[in-house]
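Asks: Taken in order, these protein sequences are the chains called C and F.
Reading the first sequence from the start, the letters are residues 115 to 175 in the numbering used here.
Reading the second sequence from the start, the letters are residues 9 to 316 in the numbering used here.
Every residue gets a Cβ at the ideal spot worked out from N, C-alpha and C, and that includes glycine.
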Amino acid sequence: MAIRAEHDLHRRRRSRNVGLGLVLAGFVAVVFGLSVVKIRMLGASQAFDHVLRPEMLEQDQ
Amino acid sequence: MSDASLITREPEAQFGDYVALLKPRVMSLVVFTALVGLLVAPVPVHPMIGFTAILFIAVGAGASGALNMWWDADIDALMRRTAKRPVPAGRVGAEEAAAIGVALSTISVVMLGLATNFVAAGMLAFTIFFYAVIYTMWLKRWTPQNIVIGGAAGAFPPVIGWAAATGTMPLEAWGMFALIFLWTPPHFWALALFMKSDYEDAGVPMLTVTHGRKSTRAHILAYTAVLAPAAVALGLTSIGGPVYLATALAMNAWFLKGAFAIWRRDEMQAELDRYVTEKAFFRFSLYYLFAHFGALLADAALRVTGAL
């Protein structure tokens, strides 16, 4: 059940709650951005998925 | 539940109190020197990885600040300068500060390791340990050389920045370490000469109190005399260049002159002109560090653009 009435405590703690929310959102954004960059740095990657891909075969075979 | 307001009598902590726990002013110096360490390293870093590295080095520095405020709450409460900090003022509990310090230390080390490499992460972990345990818990209250030890903690960030970029810690990185390490004592002792602080009441051994002001003046000159050649020598390594060498030569000549003037004065003269020489030396020391690291950055930029 949601707390409907706003207590004085909620008002006094608002800056902490909003601040912590922004910090957590920022942390998520940093981890996401870092993941995108790290995965892109691996270069193009592909594997066989039911279809033979000639470009993936080694040259001498 | 309206009686909850009767129970929570202590002042409610605001978000700003938790920010203050991380010592944002110290953090700004850490960010600047770590950024220079990262940018002058000979390996280009992806901007997002560089940003993440600096962010978590700063968080690690903040975490050690929180641990410092937890441990030192008893002496902080006795000194005017620090009595308003969140823990001695009663807005944030001491255990809460400790918990935040430990949690942020762990997060910062793990994230720096994942973003860059574990040489940098290990160095950050060591820096936090060095500042929180070796400096704060052990040496600060025990030896008048505490400023020298604390200066070492403040000198690690450019080494961590360099390690984040390259995974190594060669001579150039330790040259930047030496610059901050040797700069801290004269910088801080000049402040201690004209800021009559209440360290004595708190039982923290400060050089001005334990060995007297005359000895402090001699210490300033001695450290500056070692600092000057170390600062110029950094310009002869691979990260130096014309901008840095010119800056280092000019600023160290002035710094030595200032330290010599401080050494020649006695307390009577200083009292008469209200510590004008000491104050000028202290103000100059702030520009000194900023200019040296700025010059390293300028030379790195010249190398990237091919001008060098």
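Could you pull out every residue in the same chain whose Cβ sits closer than 6 Å to the Cβ of residue 234 of chain F, ignoring the five residues on either side in sequence?
Replies: Excluding positions up to five away in sequence, the list reads 190.
Asks: Does at least one heavy atom of the ligand COA sit under 7 Å from the Cβ of residue 125 of chain C?
Replies: As presented, the structure is devoid of all ligands, the ligand COA included, so that no description of it is given.
Asks: Looking at chain F, which residues of the segment 119-144 of chain C have a Cβ within less than 8 Å of any of its Cβ atoms?
Replies: Those would be 121, 122, 123, 126, 127, 129, 130, 132, 133, 134, 144, in chain order.
Asks: What's the C-alpha gap between residue 288 of chain F and residue 208 of chain F?
Replies: Computed Cα separation, rounded: 25 Å.
Asks: Could you tell me which chain F residues have their CB closer than 9 Å to the CB of residue 147 of chain C, listed as they occur along the chain?
Replies: Under the 9 Å cutoff, chain F gives 56, 59, 60.
Asks: Going by alpha carbons, who is nearest to residue 231 of chain F out of F:303, F:31, F:186?
Replies: Closest by alpha carbon: F:186.
Asks: Please say whether residue 95 of chain F and residue 21 of chain F have beta carbons closer to each other than 8 Å?
Replies: Contact flag unset, no.
Asks: Below 8 Å on C-beta distance, what does residue 151 of chain C contact in chain F?
Replies: Here the neighbours are 54, 56, 57.
Asks: For residue 277 of chain F, report the span of its alpha helix (DSSP H) as first-last.
Replies: That run of the alpha helix (DSSP H) goes 275-280.
Asks: Taking only beta-carbon atoms, is residue 20 of chain F less than 8 Å away from chain C?
Replies: Yes, residue 20 of chain F counts as interfacial toward chain C.
Asks: By the criterion of Cβ-Cβ separation under 7 Å, what are the contact partners of residue 123 of chain F in chain C?
Replies: Those are 148, listed as they occur along chain C.
Asks: Find the residues of chain B that neighbour residue 126 of chain F, judging by a C-beta separation of less than 9 Å, and give them in chain order.
Replies: No chain B is part of this structure, whose protein chains are labelled C and F.
Asks: Identify the contact partners of residue 23 of chain F in chain C, using a Cβ-Cβ distance below 8 Å as the criterion.
Replies: Those are 129, 130, 132, 133, 134, listed as they occur along chain C.
Asks: Hey, is the segment 71-78 of chain F in contact with the segment 153-171 of chain C, meaning 3+ C-beta pairs nearer than 8 Å?
Replies: No, the segment 71-78 of chain F is not in contact with the segment 153-171 of chain C.
Asks: Of all the CB atoms in chain C, is at least one closer than 8 Å to the CB of residue 29 of chain F?
Replies: Taking Cβ atoms only, chain C never reaches closer than 8 Å to residue 29 of chain F, which makes this a no.
Asks: Across the segment 305-314 of chain F and the segment 237-256 of chain F, are there enough close Cβ pairs to call them in contact, namely three or more that are closer than 8 Å?
Replies: Segments in contact, yes.
Asks: Is it right to say residue 149 of chain C is buried, meaning 16 or more other beta carbons lie within 10 angstroms of its own, or is it exposed?
Replies: It counts as exposed.
Asks: Taking residue 132 of chain F as the query, report the chain C residues whose CB atoms sit under 8 Å from its CB, ordered along the chain.
Replies: Going along chain C, no residue has its Cβ under 8 Å from residue 132 of chain F, so there is no contact; the nearest lies around 16 Å.
Asks: Specify the secondary structure class of residue 97 of chain F as computed by DSSP and reduced to three states.
Replies: It is coil, neither helix nor strand.
Asks: With 8 Å as the threshold, decide whether the Cβ of residue 63 of chain F is near any Cβ in chain C.
Replies: With 8 Å as the cut-off, residue 63 of chain F counts as an interface residue toward chain C.
Asks: With H, G and I counted as helix, E and B as strand and the rest as coil, what does DSSP make of residue 214 of chain F?
Replies: If DSSP states are grouped into helix, strand and coil, residue 214 of chain F belongs with coil.
Asks: What is the rounded straight-line gap between the Cα of residue 58 of chain F and the Cα of residue 140 of chain C?
Replies: In a straight line, the C-alpha of residue 58 of chain F is about 16 Å away from that of residue 140 of chain C.
Asks: For residue 283 of chain F, count the other beta carbons within 10 Å of its own beta carbon; 16 or more makes it buried, fewer makes it exposed. Which is it?
Replies: Per the 10 Å Cβ criterion, buried.
Asks: Residue 123 of chain F to residue 60 of chain F, Cα distance in whole Å?
Replies: C-alpha separation (whole angstroms): 7 Å.
Asks: Going by the CB atoms, is the gap between residue 45 of chain F and residue 117 of chain F shorter than 8 Å?
Replies: Their beta carbons are not under 8 Å apart, which means residue 117 of chain F does not touch residue 45 of chain F by this criterion.
Asks: Going by beta carbon distance, what residues of the same chain come within less than 6 Å of residue 170 of chain F, once the five residues before and after it are set aside?
Replies: Cβ within range, chain order: 45, 49, 181.
Asks: By a C-beta neighbour count over all protein chains shown, 10 Å radius and 16 as the cutoff for buried, is residue 153 of chain C buried or exposed?
Replies: Exposed, since its Cβ has fewer than 16 Cβ neighbours within 10 Å.
Asks: So residue 198 of chain F and residue 286 of chain F are in contact, right, with Cβ under 8 Å, and what is the actual spacing, rounded?
Replies: Rounded, the Cβ-Cβ distance is 5 Å, consistent with contact.
Asks: Along the alpha helix (DSSP H) that carries residue 284 of chain F, what are the first and last residues, could you check?
Replies: Residues 284-312.
Asks: Taking only the alpha-carbon atoms, compute the straight-line gap between residue 127 of chain C and residue 34 of chain F and give it to the nearest angstrom.
Replies: The alpha-carbon atoms of residue 127 of chain C and residue 34 of chain F are separated by roughly 27 Å.
Asks: Going by other Cβ atoms of all chains shown within 10 Å of its Cβ, with 16 needed for buried, is residue 90 of chain F buried or exposed?
Replies: That one is buried.
Asks: Among the residues of its own chain, which have a CB less than 8 Å from the CB of residue 26 of chain F, if the five just before and after it don't count?
Replies: Closer than 8 Å at the Cβ level, and outside the excluded window around residue 26 of chain F, lie 94, 100, 108.
Asks: Excluding the five sequence neighbours on either side, which residues of its own chain have a C-beta within less than 8 Å of the C-beta of residue 97 of chain F, listed in chain order?
Replies: Around residue 97 of chain F: 19, 91.
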